[in-house]
Amino acid sequence: MRQDVKKIRNLLKQYAKLKRDLTAFNQVSSPSFDGISSHSSRNGTESRLINHVDLSYQLKEVEDALNAIDDPQYQFILHDYIIEKRFSRSEACDRLSVSVSKFNYLKNRALEQLKKELS
1080 MRQDVKKIRN LLKQYAKLKR DLTAFNQVSS PSFDGISSHS SRNGTESRLI NHVDLSYQLK
1140 EVEDALNAID DPQYQFILHD YIIEKRFSRS EACDRLSVSV SKFNYLKNRA LEQLKKELS
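Counting in our numbering, the sequence shown runs from 1080 upward without gaps.
Given below as structure tokens:
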């Protein structure tokens, strides 16, 4: 169970990076043809498009799972504390009016709930 929580936490840490990567994706330009058909396996435009679709799918999967979680404390922990990193642990504890041990308990429950939603 501990490893599962670590995997989900790492997934959320990568979520913000994926979102930035997707935003930074350059629009795919139309390839120019010189009259010769080229079907090489090194098509950069095609690779970027596939990468874009893959990133979009991964983001949608995580966003759907996050939106399926109803508990506002879990939402706060997952989004504001882990993904956006808006608060330190002590600030998050203050916002939720809980002790550090209770916060850690809630964080693990939130991660387990996200794992359940992703399954």
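For each residue, glycine too, the CB sits at the ideal point set by N, CA and C.
So what's valine 1107 in DSSP terms, helix, strand or just coil? Reliability fails at valine 1107, whose pLDDT of 44 lies under 50, so the model's placement of it is uncertain and the value that follows must be treated cautiously. Coil, per DSSP.
Report the start-end ranges of each beta strand (DSSP E) in the region 1137-1186 that is 3 residues or longer and not cut off at the edges. none
Cα-Cα separation between alanine 1095 and lysine 1181, rounded to whole angstroms: 26 Å
Arginine 1088 and leucine 1197: beta carbons closer than 8 Å? no
Whose C-beta lies closer than 7 Å to the C-beta of serine 1111 among residues of the same chain, with five residues either side of it excluded? Low confidence applies to serine 1111: its pLDDT is 49, below 50, so where it sits in the model is not reliable enough to give any reading.
Integer-rounded CB distance, given that leucine 1193 should sit under 8 Å from leucine 1157: 6 Å
How long is the line joining the alpha carbons of leucine 1091 and aspartate 1173, rounded to whole angstroms? 22 Å
Whole-angstrom distance between arginine 1168 and valine 1132, CA atom to CA atom: Roughly 35 Å separates the two Cα atoms.
What's the gap between the Cα of lysine 1086 and the Cα of arginine 1165? About 21 Å.
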